[in-house]
DNA sequence: AATCGTATCAACCGCACACCT
DNA sequence: AAGGTGTGCGGTTGATACGAT
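Residue numbers (my numbering): 1 to 230.
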């Protein structure tokens with residue numbers, strides 16, 4: 001079966017959305033709803049865009065309730081847990097995280113969470129240990145974890161008064177593997193050090209985190225992972 | 001100041017599936 | 001039952017910002 005293209009690609013605009021286009025889309029949906037189909041919507045709204053593009057823009061950025069900005073410790077924990085259960089089912093994961101979209105979760109996973117698991121010797125696909133060797137590593141400073149605005153042009157500057165480093169130690173005994181991971185030490189402007197606590201359960205992996213940090217939680221993770229014996 | 005490398009994320013692409021005729 | 005259409009999803013890309021040199 002030969003599929004027809006979803007829209008007239010030669011005559012539709014691509015790339016970042018302008019404020020005017022956003023306004024047209026918002027106004028149209030506010031007045032008329034999604035209507036008969038996404039395919040027909042751009043023409044009805046006076047937009048020179050593909051229907052799929054309109055749908056994506058609305059779902060990911062324009063519809064009310066979309067949450068922007070840093071992922072909380074709780075959200076990170078839920079994503080890790082759900083990914084362990086569901087795999088790359090980003091839409092299913094997103095449905096369990098109110099206000100977050102599949103695209104944003106997918107990006108966050110690929111740029112941040114995946115790296116943390118890898119640095120800790122855990123396969124991000126299987127959530128099982130890559131190796132049981134004892135090792136220590138230093139991760140590159142991840143000072144760009146703050147999200148940008150919906151326009152994609154402004155970025156929140158990273159904290160300037162914290163040193164970021166990661167050390168991971170995995171130890172074995174007869175019954176289990178225990179990994180201690182420390183990511184960074186935050187020193188506030190007033191000179192106070194703080195540390196952070198959470199428990200992440202994912203397919204047999206328990207992650208404990210000491211927490212009393214309000215800000216920059218990603219930069220100040222003190223984790224201890226208790227891995228089951230596989 | 002200029003250049004290069006890297007990280008981030010918005011947006012696109014193609015596929016699969018559900019629904020309709 | 002077969003073909004056509006619309007939608008949703010996951011993978012990937014490309015533009016941009018930012019840090020390092």
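For each residue, glycine too, the CB sits at the ideal point set by N, CA and C.
Please state if the CB of residue j and the CB of residue i are separated by a distance shorter than 7 Å.
i, j, result
"residue 12", "residue 50", "yes"
"residue 108", "residue 71", "yes"
"residue 67", "residue 90", "no"
"residue 35", "residue 41", "yes"
What residue range does the alpha helix (DSSP H) around residue i cover?
i, result
"residue 76", "73–86"
"residue 24", "19–32"
"residue 50", "No alpha helix (DSSP H) holds residue 50; DSSP gives it neither H nor E."
"residue 93", "90–95"
"residue 113", "Note, residue 113: premise wrong, no alpha helix (DSSP H); not H, not E."
"residue 107", "102–108"
"residue 43", "41–45"
Can you pull the DSSP bridge partners for residue i?
i, result
"residue 122", "129"
How many angstroms separate the CA atom of residue i from the CA atom of residue j?
i, j, result
"residue 73", "residue 113", "11 Å"
"residue 19", "residue 129", "46 Å"
"residue 46", "residue 56", "17 Å"
"residue 25", "residue 17", "10 Å"
"residue 23", "residue 123", "43 Å"
"residue 88", "residue 30", "32 Å"
"residue 125", "residue 94", "18 Å"
"residue 78", "residue 116", "15 Å"
"residue 52", "residue 27", "18 Å"
"residue 83", "residue 120", "17 Å"
Task: Inter-stretch contact (C-beta, 8 Å, three-pair minimum) for the segment 98–107 and the segment 57–77 - done: yes
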